[in-house]
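Chemist: Structure below; questions to follow.
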Amino acid sequence: MSDVFSLDVYKVFSLDIRLPEEQRKPKDFGLVRSQQIMIQFLYRKKEHVATEKFLLFVHQESISLNQVHLKEDGSYEMDLFGCLNTESMVRSFSWAQWDSINQSLYYIHYRKPQLIVEGEEPEEGREEELNPTLSCLQFHDDMPHETVLNIPLNLPQLSKKSLPCGGYEDDPIPLRVHDCSLDLQVVCDPKGLVCICHHYLYQPVKPPMTEARNLEELSTTVHFAYSVTLLHHGCVIHCVVPGILWSQARAMKPTFALYGDQHMIVYAPGLFTHLLDIGLAHEPCCHILMSCTLPGIPSYTSHLVPLLQYGNTVTVDLPTLDLIPLTVTTGHLVETFKCDHSLENQLAILHYFLVHQGDLETVTELLMFVAEHPVKLSVPQLLQEVIIAGAFAAAQRNLPADAMSLVALLPLSTITHVFELEVKVNRQSMSLNQETLWNTEMMLLSPQQRLVPYRVDMWTRLWDQLTRRTGKEQRPRFRPSLVADKLMVSLVCYQPEALSRSSTPLSPGTSLVGSGTLADLAAIAGTRKVSGMDVLPFYEVESCTASKQEHVISVNLRELSMHLLKNSSKQSPMHVHVVATRYVAAQLEMSKHLCQLLCQCAAVDPHQEQERGFALVDQLDEERRYVLFSLLERYYFAVGLMAFPLPQGFTSFFTYLGYRTLSFSMFLQYLQRNVFELQVDVMKIIMADTEDTQEGVKKKLRLLLFLPRSRAKRLLNQWSHPVSLMIRAREHALNILSGVEGTQGRGHPAHKAKTAHVSTRGLAAFPSADRLSPLDTFLDLLTAKASLAELDFGLLIEATITSTDEFLG
Numbered sequence: 004m005s006d007v008f009s010l011d012v013y014k015v016f017s018l019d020i021r022l023p024e025e026q027r028k029p030k031d032f033g034l035v036r037s038q039q040i041m042i043q044f045l046y047r048k049k050e051h052v053a054t055e056k057f058l059l060f061v062h063q064e065s066i067s068l069n070q071v072h073l074k075e076d077g078s079y080e081m082d083l084f085g086c087l088n089t090e091s092m093v094r095s096f097s098w099a100q101w102d103s104i105n106q107s108l109y110y111i112h113y114r115k116p117q118l119i120v121e122g123e124e125p126e127e128g129r130e131e132e133l134n135p136t137l138s139c140l141q142f143h144d145d146m147p148h149e150t151v152l153n154i155p156l157n158l159p160q161l162s163k164k165s166l167p168c169g170g171y172e173d174d175p176i177p178l179r180v181h182d183c184s185l186d187l188q189v190v191c192d193p194k195g196l197v198c199i200c201h202h203y204l205y206q207p208v209k210p211p212m213t214e215a216r217n218l219e220e221l222s223t224t225v226h227f228a229y230s231v232t233l234l235h236h237g238c239v240i241h242c243v244v245p246g247i248l249w250s251q252a253r254a255m256k257p258t259f260a261l262y263g264d265q266h267m268i269v270y271a272p273g274l275f276t277h278l279l280d281i282g283l284a285h286e287p288c289c290h291i292l293m294s295c296t297l298p299g300i301p302s303y304t305s306h307l308v309p310l311l312q313y314g315n316t317v318t319v320d321l322p323t324l325d326l327i328p329l330t331v332t333t334g335h336l337v338e339t340f341k342c343d344h345s346l347e348n349q350l351a352i353l354h355y356f357l358v359h360q361g362d363l364e365t366v367t368e369l370l371m372f373v374a375e376h377p378v379k380l381s382v383p384q385l386l387q388e389v390i391i392a393g394a395f396a397a398a399q400r401n402l403p404a405d406a407m408s409l410v411a412l413l414p415l416s417t418i419t420h421v422f423e424l425e426v427k428v429n430r431q432s433m434s435l436n437q438e439t440l441w442n443t444e445m446m447l448l449s450p451q452q453r454l455v456p457y458r459v460d461m462w463t464r465l466w467d468q469l470t471r472r473t474g475k476e477q478r479p480r481f482r483p484s485l486v487a488d489k490l491m492v493s494l495v496c497y498q499p500e501a502l503s504r505s506s507t508p509l510s511p512g513t514s515l516v517g518s519g520t521l522a523d524l525a526a527i528a529g530t531r532k533v534s535g536m537d538v539l540p541f542y543e544v545e546s547c548t549a550s551k552q553e554h555v556i557s558v559n560l561r562e563l564s565m566h567l568l569k570n571s572s573k574q575s576p577m578h579v580h581v582v583a584t585r586y587v588a589a590q591l592e593m594s595k596h597l598c599q600l601l602c603q604c605a606a607v608d609p610h611q612e613q614e615r616g617f618a619l620v621d622q623l624d625e626e627r628r629y630v631l632f633s634l635l636e637r638y639y640f641a642v643g644l645m646a647f648p649l650p651q652g653f654t655s656f657f658t659y660l661g662y663r664t665l666s667f668s669m670f671l672q673y674l675q676r677n678v679f680e681l682q683v684d685v686m687k688i689i690m691a692d693t694e695d696t697q698e699g700v701k702k703k704l705r706l707l708l709f710l711p712r713s714r715a716k717r718l719l720n721q722w723s724h725p726v727s728l729m730i731r732a733r734e735h736a737l738n739i740l741s742g743v744e745g746t747q748g749r750g751h752p753a754h755k756a757k758t759a760h761v762s763t764r765g766l767a768a769f770p771s772a773d774r775l776s777p778l779d780t781f782l783d784l785l786t787a788k789a790s791l792a793e794l795d796f797g798l799l800i801e802a803t804i805t806s807t808d809e810f811l812g
């Protein structure tokens with residue numbers, strides 16, 4: 004750059020670096036412009052070529068492709084003697100970027116808007132507006148270049164005669180040609196990932212409210228905003244940070260860089276750090292908004308750009324050329340989770356550690372923090388994210404390679420759509436939303452229209468990705484709420500006493516589940532590599548023949564298998580069954596693992612406790628018992644809403660824990676709302692724990708009313724109390740009088756000796772001269788309704804005597 008007529012001008016020079024240092028002299032192309040000029044040589048795959056090509060950028064004027072012939076003698080000297088075959092690529096452009104990895108040229112030019120109605124003419128006297136369009140030229144080593152992308156942009160209308168920002172800023176990495184009125188960058192990956200990142204400032208009609216000290220400072224604040232258009236997902240992400248001082252905002256340049264395989268990091272020095280979920284593995288849904296205080300970044304940095312040869316975590320600060328790592332540490336994410344009150348942000352952090360990092364230790368640390376405030380309304384949703392994301396990650400790890408395409412149909416996260424995400428970081432609020440683009444594939448050159456049809460490169464992969472995500476081949480993920488809705492109906496009719504394991508198969512046909520027990524599913528999950536890793540504070544057994552958990556697993560497996568079959572026509576049924584079985588097994592394992600983690604959060608570690616089950620509940624102090632109940636209550640709600648199976652033995656343990664923690668009136672309310680279930684084992688210990696006082700008898704009778712008839716009768720037979728005796732006698736008499744066959748008559752033939760004795764002596768329980776006692780009359784009435792073999796005289800007489808003694812006493 005030199006000074007000509009007191010103006011900054013650009014000149015073009017070339018230098019042969021293969022010459023000795025003393026012979027290197029710059030070659031002047033003789034091109035002088037006040038607009039920005041850049042030159043870029045194309046990368047060739049072939050070696051020892053006599054012709055080199057380079058692009059010459061002149062801002063607002065043209066982009067030309069030039070060929071240079073090089074002479075090489077025995078001393079390897081090369082002399083530049085002229086440019087040949089100059090070809091004009093673009094006549095006028097406002098912005099351009101060169102992608103050295105994919106040999107692609109992006110540029111923005113202006114087009115006339117297409118008329119909506121054919122034959123319509125523009126209004127006279129109205130200035131014609133030009134719409135900005137982003138295009139891309141793809142260069143090849145052995146073929147001509149081709150236009151592969153044309154996408155309209157929504158950019159502010161800027162004056163084309165002057166530079167509103169005051170000049171140019173050179174951006175060599177990546178090479179961009181533009182003035183400082185437009186900050187735009189294309190970030191892409193050869194796998195088929197293309198992102199258009201646009202940073203801009205604007206001031207709304209009404210200035211934003213900030214903590215400014217005076218009105219003058221308030222009026223100079225602007226909105227700091229950016230948008231990331233994800234072509235591979237057909238959507239755009241908008242982010243706005245209001246109330247930034249103009250003097251601070253104009254000096255900020257955000258960094259857009261790919262971070263790992265699934266994320267993009269957006270870093271604004273002194274303002275924020277965003278981790279956007281934009282990769283190809285799944286749809287964008289779990290974005291993380293954090294503060295700008297990343298470790299290892301000095302305070303003086305102003306413009307960081309990624310260096311590809313060092314990976315996507317090393318950047319260079321262009322003003323100082325210092326190498327600076329751009330890394331989001333686990334500690335920073337944990338601190339954000341604890342300090343942030345945004346539920347969506349916390350869900351996204353849990354998703355990041357479970358699905359993308361597989362870091363269960365950090366998830367345990369986060370759950371410890373959640374357990375400190377178990378009564379928060381957000382706790383069940385956080386637990387839902389743990390089991391959904393954890394089951395997805397576990398099933399994905401254990402699937403065979405030929406069945407991985409079905410992973411796109413499994414539930415991924417509780418965050419399905421990003422409508423509006425608002426977060427406040429360091430007293431600075433920021434909002435993020437996501438919108439869908441329509442007909443994104445129409446902006447691309449289809450594979451059959453390429454110079455070499457279906458030649459695999461970044462653009463064909465992008466086309467395939469768009470077809471899968473937004474086209475006719477788009478397939479919805481399975482929703483656990485469908486299973487939860489079906490369970491609301493089926494569990495009402497569920498009768499464990501009437502079922503057996505043989506009548507409730509887990510899946511049709513040849514099953515990988517084997518016998519269909521829960522232990523077999525746990526073995527399939529393959530996550531119990533260490534013995535006793537998920538030891539629970541209760542015994543994993545059920546007292547009924549067919550457990551409720553087995554029914555939930557059966558419904559999950561059936562519904563998921565049907566969903567996979569409907570949406571995977573190219574996969575064999577065997578692959579469908581493998582994926583469904585592995586996912587249901589992962590559901591069970593994640594449910595058990597979360598239960599064990601929450602028990603540890605409540606300071607109840609089964610590895611250290613001497614007792615388990617009901618005995619463990621009895622020895623817990625009141626405070627630990629309350630914390631454990633609060634956490635397991637949230638766990639029960641979360642698992643139920645996601646239709647996940649509960650561990651065997653949890654229902655009885657949770658019911659007894661509630662019985663020992665809550666008051667009896669509150670315990671009855673939980674029973675009325677079907678939160679607790681009175682299984683036989685827990686009912687026996689509650690009946691034994693309750694004394695046979697007047698108040699205790701009332702409590703037992705109220706609990707018996709919640710039981711099924713057959714279960715209540717068995718418990719009444721084991722309760723040696725006059726009230727139990729009278730209830731059984733009344734029920735027996737009621738069955739006889741109503742015509743229901745008595746229990747004594749089934750399979751028990753009448754004894755002739757007993758019949759003869761009754762006929763000779765009569766039916767008098769209290770013998771009298773005329774045999775007209777009330778009991779005699781009642782027994783005569785019963786014998787008229789049923790045979791003698793069906794009557795349980797012992798029960799009736801004993802109940803009468805007990806009732807009389809109680810009345811006389």
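Residue numbers (the numbering used here): 4 to 812.
For glycine and all other residues, C-beta sits at the position ideal for the given N, C-alpha and C.
1) Let's see if you can read the secondary structure: which residues bound the beta strand (DSSP E) around residue 33?
2) Are the CB atoms of residue 357 and residue 389 within a distance shorter than 8 Å?
3) In the DSSP assignment, find the unbroken alpha helix (DSSP H) run with residue 134 in it and report its ends.
4) Taking just the CA atoms, how far does residue 688 sit from residue 348?
5) Look up residue 684 in the DSSP assignment and say whether it is helix, strand or coil.
6) Which first and last residues belong to the beta strand (DSSP E) in which residue 697 is found?
7) Since residue 646 contacts residue 559 with CB under 8 Å, what's their CB separation in whole angstroms?
8) Quick check on the DSSP output: the alpha helix (DSSP H) that includes residue 578 runs from which residue to which?
9) What are the partner residues of residue 198, as DSSP defines its beta bridges?
10) Is the distance from the Cβ of residue 436 to the Cβ of residue 444 below 8 Å?
11) With distances taken from CA atoms, which of 228, 100, 360, 715 is nearest residue 177?
12) Using CA coordinates, which residue listed in 29, 550, 283 is at the minimum distance from residue 21?
13) Using C-beta distances below 6 Å, list every residue in its chain close to residue 256, excluding the 5 sequence neighbours before and after it, in chain order.
14) Answer with buried or exposed for residue 48, where buried requires no fewer than 16 other C-beta atoms within 10 angstroms of its C-beta.
15) How about residue 425 and residue 345: are their beta carbons less than 8 Å apart?
16) Can you check which of these residues, 204, 229, 267, is closest to residue 250 by C-alpha distance?
17) Which value, in whole angstroms, describes the spacing of the CA atoms of residue 12 and residue 97?
18) By DSSP's criteria, residue 825 is part of a beta bridge. Which residues make up the other side?
19) Tell me whether the stretch 610-617 and the stretch 549-556 touch, counting them as touching only if at least three CB pairs, one residue from each stretch, are closer than 8 Å.
20) Using the C-alpha atoms, what's the distance from residue 419 back to residue 185?
21) How would you write the range of the alpha helix (DSSP H) that residue 290 sits in, first residue to last?
22) Considering Cα atoms alone, identify which of 267, 334, 231 is closest to residue 316.
23) By the three-class DSSP mapping on this structure, what secondary structure does residue 456 have?
24) Taking 8 Å as the threshold (C-beta atoms), are residue 289 and residue 363 in contact?
25) Quick one: is residue 618 buried, meaning 16 or more other Cβ sit within 10 Å of its Cβ, or exposed?
26) What does the Cβ neighbour count give for residue 383, buried or exposed, with the cut at 16 atoms within 10 Å?
27) Assuming contact is defined by CB atoms lying nearer than 8 Å, are residue 597 and residue 353 in contact in what I supplied?
28) Between the alpha carbons of residue 486 and residue 411, how many angstroms are there, rounded?
29) Report buried or exposed for residue 18, applying the criterion of at least 16 other Cβ atoms within 10 angstroms of its Cβ.
30) Is it the case that the Cβ atoms of residue 568 and residue 579 are separated by a distance below 8 Å?
31) Should the stretch 662-681 be regarded as contacting the stretch 628-642, the criterion being three or more beta carbon pairs within less than 8 Å?
32) Which partner residues of residue 227 appear in the DSSP bridge assignment?
33) Is residue 403 buried or exposed, if buried means 16 or more other CB atoms sit within 10 Å of its CB?
34) Under 6 Å Cβ to Cβ from residue 674, same chain only, skipping five residues before and after it: list those, please.
35) Measure the beta-carbon distance from residue 604 to residue 370 and round it to whole angstroms, keeping in mind my assumption that it falls under 8 Å.
36) So residue 308 and residue 275 are in contact, right, with Cβ under 8 Å, and what is the actual spacing, rounded?
Modeler: Taking the definition as stated:
1) 30-36
2) yes
3) Premise fails: residue 134 lies in the beta strand (DSSP E), 134-141, not in any alpha helix (DSSP H).
4) 44 Å
5) For residue 684, the three-state secondary structure derived from DSSP is helix.
6) Careful: residue 697 lies outside any beta strand (DSSP E), inside the alpha helix (DSSP H) at 697-707.
7) 6 Å
8) The continuous alpha helix (DSSP H) containing residue 578 extends over residues 576-604.
9) DSSP, once it has assigned bridges, lists 190, 233 as partnering residue 198.
10) The answer is no: Cβ separation not under 8 Å.
11) 100
12) If we check each option's Cα against that of residue 21, 29 comes out closest.
13) 306
14) exposed
15) Yes.
16) Cα-wise, what sits closest to residue 250 is 204.
17) 18 Å
18) One cannot answer for residue 825 here, as it falls past the ends of the chain, which runs 4 to 812.
19) no
20) 33 Å
21) Note, residue 290: premise wrong, no alpha helix (DSSP H); not H, not E.
22) 267
23) In the three-state reduction of the DSSP assignment, residue 456 falls in the coil class, being assigned neither a helical nor a strand state.
24) With a cutoff of 8 Å on beta-carbon distance, residue 363 and residue 289 are scored as not near each other.
25) exposed
26) buried
27) Taking 8 Å as the Cβ cut-off, residue 597 and residue 353 do not qualify as a contacting pair.
28) So the alpha carbons of these two residues sit roughly 18 Å apart.
29) Around the beta-carbon of residue 18, fewer than 16 other beta-carbon atoms lie within 10 Å, marking it exposed.
30) yes
31) yes
32) 204, 244
33) exposed
34) 709
35) With a beta-carbon spacing of about 6 Å, residue 604 and residue 370 fall inside the 8 Å limit used to define contacts.
36) No, residue 308 and residue 275 are not in contact; Cβ-Cβ is about 18 Å, not under 8 Å.
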